[in-house]
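Shown next, in structure tokens, is the structure this report addresses.
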Amino acid sequence: MKNRTCMLLSVMLILTNSAFVRQSNAQVSKTAETIAINTTDKAGLLDGSCGNDEWDAATKVELPGQAAIFLMHDKDYLYFCASGKAEDYTVLDLYIENSETDRLHKFHLSAQMGESILTGKEWESASGKWELQDYAGFWVPYSGLEDVENRKGPIFQKGTHRQMQISRKKFAGNTWNMMIGLSAVRHEGEGPLNYPQYAKSDDNSTWAQFSFSENQASKDHHPTPEENLYLGQKPPGLTPEVFAPGIVSINGRFEGAISFSPDLKEMYFGAGNEDDETHIYFSKLQGNEWTPIKRVNFTKGNKKEELHPFVSPNGETIYFTALDSAFSDEKIWSVNRLEDSWSEAILLDSPINDDMVFYPNQARNGDLYYFNLSQFKMYSAPNRNGAFPETVEMGIEFGHHGFISPSQDYLLVTDRNKEDEGRKDNDVYVYFKNQDGTWTKPINLGNTINTNWNEKSPSITPDGKYLFFGRDERDIEPGLSNIYWVDAQIIETLRPKKQ
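Start counting the sequence shown at 9; every next residue gets the next number (the numbering used here).
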């Protein structure tokens with residue numbers, strides 16, 4: 009994504025000694041050199057607001073210009089939130105010393121997010137685009153475009169708060185040396201303001217000490233295996249929620265299809281931004297921790313884009329779409345599991361690939377379902393000992409990006425809303441299988457799932473418990489989207505009653 013930072017106010021304001029530390033529900037101790045960060049049992053949501061209930065327990069530092077910062081932690085993460093006035097962009101720079109390497113790290117949140125390390129006198133990027141190493145955040149979101157037709161002139165949303173979470177395993181110890189900076193905050197003072205007063209971003213000896221307080225509950229709690237699944241996210245109910253905000257679902261980026269291994273300990277999803285191709289990203293549960301999300305490159309550059317990953321029901325194969333140019337050469341590829349890696353990617357040897365095809369997924373018995381772009385119809389390919397020698401048109405009324413349920417008793421599809429002729433957005437529909445093998449009429453999943461934005465790329469987890477789908481985050485074409493999830497029971501509420 010192109011750098012939008014130049015569009016923000018450039019005046020740099022850093023915390024000042026006139027700030028004072030307090031917490032709304034308790035007195036917070038502060039020595040001359042150390043600030044105690046309060047503990048919490050409620051993870052801070054990356055939703056652009058420091059005012060939610062989960063931040064009540066935070067250590068609060070009030071600043072000039074009605075700005076403030078909030079800090080809290082649990083055993084896994086430091087949570088940080090910075091707020092300003094309604095007319096502010098509130099850009100954040102957080103500096104942390106790595107006590108093991110003596111290197112200085114900077115985490116920046118503006119229209120983009122990134123980590124830099126001080127090398128000599130220059131700050132150099134510490135990771136590739138979108139590859140966040142043990143941290144996540146909520147940065148300045150878009151609120152639209154000045155020129156929608158030509159997709160120019162992004163408008164940034166004022167008044168939202170900057171939020172960040174950093175894994176405590178990223179830096180050693182229970183006391184971190186840090187400095188915090190805010191920019192794009194309007195106030196009556198002039199010139200840079202420092203916290204501590206004479207702190208310098210390139211001189212860690214001028215920074216402040218922040219210590220992690222501990223309570224017995226946080227020390228004693230050990231996540232159950234179930235709590236560690238799905239990146240440790242709290243499972244949703246019957247109302248969709250953004251999945252892993254700031255970690256998987258990143259504002260300003262397009263996230264597409266997502267797939268989990270049968271044991272739910274591996275996750276693959278497609279993502280890209282407005283300027284780059286779509287690629288597949290990956291994380292796995294090792295012990296009690298999910299590995300940092302990294303890009304995979306199955307075709308090793310033989311194809312420009314890789315998307316729509318699907319882990320087979322036996323966990324031994326990943327099917328995916330690969331292409332060089334949209335609507336010209338989409339084909340289904342696969343990789344096979346090796347001992348601790350994946351094989352070289354191969355083009356699926358099947359009549360499936362006689363046409364342009366995409367969005368592969370399998371039922372529990374191995375039957376493969378996909379969308380044929382050439383025919384613009386849904387097809388299936390029966391599993392014949394791991395091969396797919398024939399294809400079968402499904403004969404449904406409409407729909408693309410179809411996803412079959414594990415037991416093949418229903419099919420989810422995306423298509424333009426059919427209930428309101430004035431709408432042009434896509435909704436998610438469900439077909440239920442009749443006893444004679446035919447399909448019911450398509451049923452709109454309703455306004456709990458479908459909105460006036462585009463809903464897309466539906467999928468069901470291997471255990472059948474959750475529905476995942478994409479939803480546009482702003483009203484442009486093709487539209488950037490985040491990934492949402494919801495209890496799959498919402499589908500069962502629509503199932504026709506047996507006569």
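No residue lacks a Cβ here, since even glycine has one placed at the ideal position from N, Cα and C. Owing to the predicted nature of the structure, the values given are computational and were not obtained by experimental measurement.
Residue from the options whose Cα sits closest to the Cα of residue i
i: residue 288; options: 175, 303, 413; result: 303
i: residue 461; options: 441, 152, 164, 433; result: 433
i: residue 349; options: 398, 123, 325, 340; result: 325
i: residue 129; options: 492, 112, 231; result: 112
i: residue 398; options: 364, 422, 249, 358; result: 358
i: residue 293; options: 275, 284, 310; result: 275
i: residue 454; options: 329, 468, 422, 386; result: 422
i: residue 76; options: 471, 63, 284; result: 63
i: residue 67; options: 54, 89, 53; result: 89
i: residue 342; options: 334, 335, 351; result: 351
i: residue 290; options: 284, 53, 307, 267; result: 267
i: residue 301; options: 327, 255, 329, 280; result: 255
i: residue 81; options: 309, 221, 503, 56; result: 221
i: residue 364; options: 371, 471, 386; result: 386
i: residue 248; options: 425, 503, 502, 463; result: 463
Alpha-carbon spacing of residue i relative to residue j, whole angstroms
i: residue 332; j: residue 313; result: 6 Å
i: residue 505; j: residue 415; result: 18 Å
i: residue 500; j: residue 172; result: 37 Å
i: residue 47; j: residue 84; result: 11 Å
i: residue 219; j: residue 183; result: 4 Å
i: residue 163; j: residue 153; result: 5 Å
i: residue 430; j: residue 492; result: 25 Å
i: residue 345; j: residue 271; result: 15 Å
i: residue 393; j: residue 322; result: 13 Å
i: residue 362; j: residue 242; result: 43 Å
i: residue 407; j: residue 497; result: 22 Å
i: residue 388; j: residue 451; result: 20 Å
i: residue 109; j: residue 215; result: 17 Å
i: residue 71; j: residue 245; result: 38 Å
i: residue 210; j: residue 166; result: 29 Å
i: residue 10; j: residue 155; result: Because residue 10 sits at a pLDDT of 31, beneath the cut-off of 50, its placement in the model cannot be relied upon, and the following sentence gives the value as read from the coordinates. Residue 10 and residue 155: Cα-Cα distance of roughly 16 Å.
i: residue 117; j: residue 494; result: 29 Å
i: residue 39; j: residue 132; result: Residue confidence for residue 39 is low, a pLDDT of 36 falling below 50, so the modelled location carries little weight; the figure read from the coordinates is stated next. Going from the Cα of residue 39 to the Cα of residue 132 covers about 33 Å.
i: residue 169; j: residue 93; result: 9 Å
i: residue 458; j: residue 308; result: 37 Å
i: residue 413; j: residue 51; result: 32 Å
i: residue 470; j: residue 180; result: 37 Å
i: residue 126; j: residue 474; result: 43 Å
i: residue 49; j: residue 273; result: 24 Å
i: residue 447; j: residue 465; result: 20 Å
i: residue 73; j: residue 95; result: 11 Å
i: residue 374; j: residue 320; result: 8 Å
Beta-carbon proximity check, residue i vs residue j, cutoff 9 Å
i: residue 45; j: residue 100; result: no
i: residue 257; j: residue 263; result: yes
i: residue 97; j: residue 175; result: no
i: residue 366; j: residue 378; result: yes
i: residue 265; j: residue 277; result: yes
i: residue 368; j: residue 318; result: yes
i: residue 158; j: residue 107; result: no
i: residue 490; j: residue 231; result: no
i: residue 400; j: residue 420; result: no
i: residue 315; j: residue 339; result: no
i: residue 86; j: residue 187; result: no
i: residue 353; j: residue 330; result: yes
i: residue 144; j: residue 54; result: yes
i: residue 516; j: residue 105; result: The question about residue 516 has no answer, for the chain in this structure spans 9 to 507.
i: residue 488; j: residue 296; result: no
The beta strand (DSSP E) enclosing residue i, as first and last residue numbers
i: residue 263; result: 262-268
i: residue 434; result: 434-440
i: residue 287; result: 287-294
i: residue 87; result: 85-91
i: residue 114; result: 111-117
i: residue 130; result: 130-133
i: residue 206; result: First-last for residue 206: undefined, no H or E at that position.
i: residue 278; result: 274-280
i: residue 3; result: Given that the chain is displayed from residue 9 to residue 507, the structure contains no residue 3 and the question cannot be resolved.
i: residue 313; result: 313-319
i: residue 97; result: Here residue 97 belongs to no beta strand (DSSP E), and DSSP marks it neither H nor E.
i: residue 368; result: 365-370
i: residue 218; result: 216-220
CB contact check: residue i to chain C, cutoff 9 Å
i: residue 286; result: This model lacks chain C altogether, as it is built from one protein chain only.
Residue i - containing alpha helix (DSSP H), residue span
i: residue 234; result: 233-236
### Query
Can you list the beta strand (DSSP E) stretches of 3 or more residues lying completely in the segment 379-431, in chain order?
385-389, 408-412, 418-424
### Ranges of the alpha helix (DSSP H) found wholly within the segment 451-507, counting only runs of at least 4
497-500
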